[in-house]
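Data block below; observations after.
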Amino acid sequence: DTGVSQNPRHKITKRGQNVTFRCDPISEHNRLYWYRQTLGQGPEFLTYFQNEAQLEKSRLLSDRFSAERPKGSFSTLEIQRTEQGDSAMYLCASSFRDSSSYEQYFGPGTRLTVT
Amino acid sequence: AQTVTQSQPEMSVQEAETVTLSCTYDTSESDYYLFWYKQPPSRQMILVIRQEAYKQQNATENRFSVNFQKAAKSFSLKISDSQLGDAAMYFCAYRRGGGGATNKLIFGTGTLLAVQP
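Chains as they are written, first to last, in my numbering: chain P, 1 to 115; chain B, 1001 to 1117.
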């Protein structure tokens, strides 16, 4: 399977704990996006990488959130001191800059539950 | 700021019938793309169809077609000959065009489509 993969698929954590999610994009894709989707809502943009450079961050991405993409390959999203409001599905997507429409391909998501 | 509105939280269609999902958007940009994504239960989101704003011709992909009304900022999805596998959440999404743009997607709240056998 050469699609976007995300790990873990599910994460249950206690409030105040730190969590880290991983995203492996399609191998030739140089653009990588993180979105957050809460129940009954559409995904909301969190942050975007072009290769290893983080070029945009949403205001939704508080100081407790940090994302990296070392070497322009996989990406990690860390949430520190989790809060119940962080419970959501975290989606990763990737695209290839030179495609005519930069179509984004989504991974299956990581569902975070903060208790 | 750009916004996307889907006013139908839920829709239902009989198998083999046709259904239309509505979407409106707001933007001051002239170069943009519009998308319909399908999110089946517990499965990843997949692209159904794409429309470039500069194209007047409505996009078509097999049983899926759009009605793109640029002046009205409307972008509806028509599913013909509905199948049980079409049951899913459908999201309308907007993206700015241009090589320098982030190309982040702005999504509506979704329409949950049920297909009745």
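Beta carbons: idealized from backbone N, C-alpha and C, even for Gly.
- Under a CB-based cut-off of 8 Å, is Lys1104(B) close to chain P? Within the second sequence, numbered from 1, the residue matching residue 1104(B) stands at position 104. So, interface residue.
- Report the rounded CA-to-CA distance for Glu90(P) versus Glu56(P), giving the unit in angstroms. Translated into the one-based positions of the first sequence, residue 90(P) becomes position 90. Translated into the one-based positions of the first sequence, residue 56(P) becomes position 56. Per the sequence presented here, residue 90(P) reads as Tyr, with Glu not at that position. Distance between the alpha carbons of Tyr90(P) and Glu56(P) is about 17 Å.
- Item | Proximity to Ala1114(B) [Cα-Cα], best of Val1066(B), Cys1023(B), Ile1106(B), Val1013(B) | Here residue 1114(B) corresponds to residue number 114 of the second sequence, with the count starting at 1. Ranking Val1066(B), Cys1023(B), Ile1106(B), Val1013(B) by Cα distance to Ala1114(B) puts Val1013(B) first.
- Minimum Cβ-Cβ distance from Ser95(P) to chain B less than 8 Å: Reading the first sequence from its first residue, position 95 is the one you call residue 95(P). So yes, Ser95(P) belongs to the interface.
- Query: For Thr110(P), which option in Thr2(P), Gly3(P), Ile12(P) has the closest C-alpha, if you only look at C-alpha atoms?
  - Reply: The residue given as residue 110(P) occupies position 110 in the first sequence. The option with the nearest alpha carbon to Thr110(P) is Ile12(P).
- Task: Could you spell out the range, first to last residue, of the beta strand (DSSP E) harbouring Arg1043(B)?
- Result: Here the question's residue 1043(B) lines up with position 43 in the second sequence. Going by DSSP, Arg1043(B) is part of no beta strand (DSSP E) at all; its letter is neither H nor E.
- Distance, Phe45(P) Cα to Arg36(P) Cα: Counting from 1 along the first sequence, the entry for residue 36(P) is found at position 36. Counting from 1 along the first sequence, the entry for residue 45(P) is found at position 45. The alpha-carbon atoms of Arg36(P) and Phe45(P) are separated by roughly 7 Å.
- Item | Best match in Leu1112(B), Arg1096(B), Ala1087(B) for proximity to Arg1034(B) [C-alpha to C-alpha] | As a first step, residue 1034(B) is located in the second sequence; it is residue number 34 there, counting from the start. Correcting the residue identity first, residue 1034(B) is Leu in this sequence and not Arg. Just measuring C-alpha positions, the residue of Leu1112(B), Arg1096(B), Ala1087(B) sitting nearest Leu1034(B) is Arg1096(B).
- Looking at the C-beta of Tyr90(P), does it have a partner C-beta in chain B at a distance below 8 Å? Counting from one through the first sequence, the residue named residue 90(P) turns up at place 90. Cβ-Cβ to chain B under 8 Å: no for Tyr90(P).
- Message: Check this for me: beta carbons of Ala93(P) and Gln104(P), under 8 Å apart or not?
- Response: For the purposes of this step, residue 93(P) is taken as residue 93 along the first sequence, with counting starting at 1. For the purposes of this step, residue 104(P) is taken as residue 104 along the first sequence, with counting starting at 1. For Ala93(P) and Gln104(P), yes; Cβs fall inside 8 Å.
- Message: Using the three-state DSSP reduction, which class does Leu1084(B) fall into: helix, strand or coil?
- Response: Locating residue 1084(B) in the second sequence gives position 84, where the first residue counts as 1. Helix.
- Message: Between Gln104(P) and chain C, is the shortest Cβ-Cβ distance under 8 Å, so that the two count as touching?
- Response: In the structure shown, chain C cannot be found, because the protein chains are P and B.
- Query: Closer than 8 Å, CB to CB, is Phe1075(B) near chain P or not?
  - Reply: What you label residue 1075(B) is simply residue 75 of the second sequence in a count that begins at 1. The C-beta of Phe1075(B) comes no closer than 8 Å to any C-beta of chain P.
- Task: Could you confirm whether any beta carbon from chain P is found closer than 8 Å to the beta carbon of Leu1047(B)?
- Result: Along the second sequence, read from residue 1 onward, the residue named residue 1047(B) stands at position 47. Using beta-carbon distances, Leu1047(B) counts as an interface residue toward chain P, with a partner under 8 Å.
- Task: Flag Phe116(P) as yes if its beta-carbon sits less than 8 Å from any beta-carbon of chain B, otherwise no.
- Result: An answer regarding residue 116(P) cannot be provided, because it is not within the stretch 1 to 115 covered by chain P.
- Message: With a threshold of 6 Å on Cβ separation, who are the neighbours of Glu1061(B) within its own chain once the five nearest residues in sequence on each side are excluded?
- Response: The residue you call residue 1061(B) lines up with position 61 of the second sequence. Excluding residues within five positions, the ones whose Cβ falls inside 6 Å are Ile1049.
- Would you please state the rounded distance, in angstroms, between the beta carbons of Leu1077(B) and Glu1010(B)? I believe it to be under 8 Å. Looking up residue 1077(B) in the second sequence gives position 77. Looking up residue 1010(B) in the second sequence gives position 10. Not a contact, Cβ separation roughly 15 Å.
- Message: Taking only three categories from DSSP, how would you classify Asp1026(B)?
- Response: Residue 1026(B) sits at position 26 when you count from the first residue of the second sequence. Note: Asp1026(B) maps to strand in three-state DSSP.
- Under the rule that 16 or more other beta-carbon atoms within 10 Å means buried, what is Arg31(P), buried or exposed? If you number the first sequence from 1, residue 31(P) lands on position 31. Answer is buried; the Cβ neighbour count reaches 16.
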